[in-house]
Amino acid sequence: GIQVEQSPPDLILQEGANSTLRCNFSDSVNNLQWFHQNPWGQLINLFYIPSGTKQNGRLSATTVATERYSLLYISSSQTTDSGVYFCAVKVGGGADGLTFGKGTHLIIQP
Amino acid sequence: DSGVTQTPKHLITATGQRVTLRCSPRSGDLSVYWYQQSLDQGLQFLIQYYNGEERAKGNILERFSAQQFPDLHSELNLSSLELGDSALYFCASSVAGATYEQYFGPGTRLTVT
Chain A
28 GIQVEQSPPD LILQEGANST LRCNFSDSVN NLQWFHQNPW GQLINLFYIP SGTKQNGRLS
88 ATTVATERYS LLYISSSQTT DSGVYFCAVK VGGGADGLTF GKGTHLIIQP
Chain B
28 DSGVTQTPKH LITATGQRVT LRCSPRSGDL SVYWYQQSLD QGLQFLIQYY NGEERAKGNI
88 LERFSAQQFP DLHSELNLSS LELGDSALYF CASSVAGATY EQYFGPGTRL TVT
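This is the structure in structure tokens:
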């Protein structure tokens with residue numbers, strides 16, 4: 028099946044810092060989503076981005092489908108950004124659900 | 028709030044027992060998905076239903092089964108529970124197939140003792 032690799036696995040930053048999270052995938056996809064799992068366990072949709080670039084406030088994402096990677100940018104980090112960020116993909120052409128990466132655990136210190 | 032609801036929020040039960048988890052999708056969504064999140068396996072896709080019919084199967088154990096009812100709500104049945112079934116179970120929904128954006132419910136935390 029498709030492989031999804033996220034990096035870095037852990038990231039500790041000071042409030043106000045910027046960060047880039049990466050997601051590499053091993054096959055062509057027709058769905059790619061970024062999620063934030065907060066400390067209460069809830070999975071919050073950040074972006075649906077199988078290709079192209081999107082921005083939402085301090086967050087933006089870019090997916091280069093031909094090169095099989097996606098990037099999530101977080102600017103001016105706040106403590107509420109802490110949590111685990113997951114990339115999830117669905118391989119093109121198959122009947123399947125989302126395949127998740129192992130996530131990036133982000134800690135923002137005040 | 029994603030619009031997807033799940034009940035119960037927490038469930039504690041003993042090994043060998045059977046439980047049922049319930050999910051109501053967002054209004055207008057036809058597809059429902061079930062996922063399991065455990066410490067050793069991460070987030071895994073279990074099964075998808077579309078408008079009442081099973082559409083795709085992932086890593087779902089034979090002891091587990093699901094269905095989607097005419098009102099589009101779904102239930103995940105877990106039987107002969109083992110300690111290793113302890114996990115967070117998520118339901119997600121999308122307007123149609125899996126190429127569309129999926130929205131996740133708050134999850135049901137199952138603890139098997």
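Chains as they are written, first to last, in our numbering: chain A, 28 to 137; chain B, 28 to 140.
Glycine included, C-beta positions come from ideal geometry on N, C-alpha and C.
As the structure is a prediction and not an experimental result, all values here were calculated from the model.
Counterpart residues of residue i in DSSP-defined beta bridges
i: V31(B); result: Beta-bridge pairing links V31(B) to no other residue.
i: R49(A); result: S34(A), L98(A)
i: G85(B); result: For G85(B), which the question treats as bridged, DSSP gives no partner whatsoever.
i: W61(A); result: F74(A), C114(A)
i: Y116(B); result: Q63(B), T135(B)
i: T80(A); result: T89(A)
Interface flag, residue i vs chain A, CB-CB below 8 Å
i: Q102(B); result: Note that residue 102(B) is Glu in the sequence shown here, rather than Gln. By this cut-off, E102(B) is not an interface position.
i: T42(B); result: no
i: E55(B); result: The sequence given here places Gly at residue 55(B); Glu does not occur at that position. It does not: the Cβ of G55(B) has no partner Cβ on chain A nearer than 8 Å.
i: A123(B); result: no
i: F91(B); result: no
i: E128(B); result: yes
i: G79(B); result: no
i: P133(B); result: yes
Any C-beta of chain B under 8 Å from that of residue i
i: Y75(A); result: yes
i: F113(A); result: yes
i: K81(A); result: no
i: G110(A); result: no
i: N19(A); result: In the structure as shown, chain A begins at 28 and stops at 137. Residue 19(A) is therefore absent and cannot be evaluated.
i: G84(A); result: no
i: N57(A); result: yes
i: Q69(A); result: yes
i: Q60(A); result: yes
Within chain A, partners of residue i - CB distance below 7 Å
i: A114(B); result: What A114(B) touches in chain A: nothing, since even the nearest Cβ is about 11 Å away.
Contacts of residue i in chain A (Cβ-Cβ under 8 Å)
i: Q94(B); result: What Q94(B) touches in chain A: nothing, since even the nearest Cβ is about 17 Å away.
i: G85(B); result: D123, G124
Amino acids of chain B, ordered along the chain, whose beta-carbon sits closer than 9 Å to that of residue i
i: F127(A); result: Y62, Q64, G69, L70, Q71, F72
i: N65(A); result: What N65(A) touches in chain B: nothing, since even the nearest Cβ is about 11 Å away.
i: N72(A); result: S29, E128, Q129, Y130, F131
Within chain B, the residues that residue i reaches when beta carbons sit closer than 7 Å
i: G120(A); result: Correct list: empty, because the minimum Cβ distance to chain B is about 10 Å.
i: L38(A); result: Here the premise fails: no neighbours, minimum Cβ distance about 18 Å.
Legend entry - At least 3 beta-carbon pairs within less than 8 Å: the stretch 46-55 of chain B vs the stretch 93-105 of chain A: Not touching, per the Cβ criterion.
Legend entry - Ranges of the alpha helix (DSSP H) found wholly within the stretch 104-136 of chain A, counting only runs of at least 4: Fully enclosed alpha helix (DSSP H) runs of 4 or longer: not present.
Legend entry - contact_flag[the stretch 104-124 of chain A, the stretch 43-54 of chain A] where n(CB pairs < 8 Å) is 3 or more: Yes: the two stretches touch, three or more of their Cβ pairs being nearer than 8 Å.
Inset, instruction - May I ask you to verify whether the stretch 73-90 of chain B touches the stretch 30-39 of chain B, counting CB pairs closer than 8 Å and requiring at least 3? - result: Segment contact: the stretch 73-90 of chain B against the stretch 30-39 of chain B, fewer than three CB-CB distances shorter than 8 Å; contact not assigned.
Inset, instruction - Specify whether the stretch 73-82 of chain A and the stretch 53-69 of chain B touch according to this definition: at least 3 beta carbon pairs, one from each stretch, less than 8 Å apart. - result: Contact between the stretch 73-82 of chain A and the stretch 53-69 of chain B is absent, because fewer than three Cβ pairs lie under 8 Å.
Inset, instruction - Specify whether the stretch 40-49 of chain A and the stretch 104-116 of chain A touch according to this definition: at least 3 beta carbon pairs, one from each stretch, less than 8 Å apart. - result: Counting Cβ pairs under 8 Å, three or more are found: they touch.
Legend entry - Meets three-Cβ-pair contact criterion under 8 Å: the stretch 131-138 of chain B and the stretch 67-74 of chain B: At 8 Å Cβ cutoff, the stretches do not touch.
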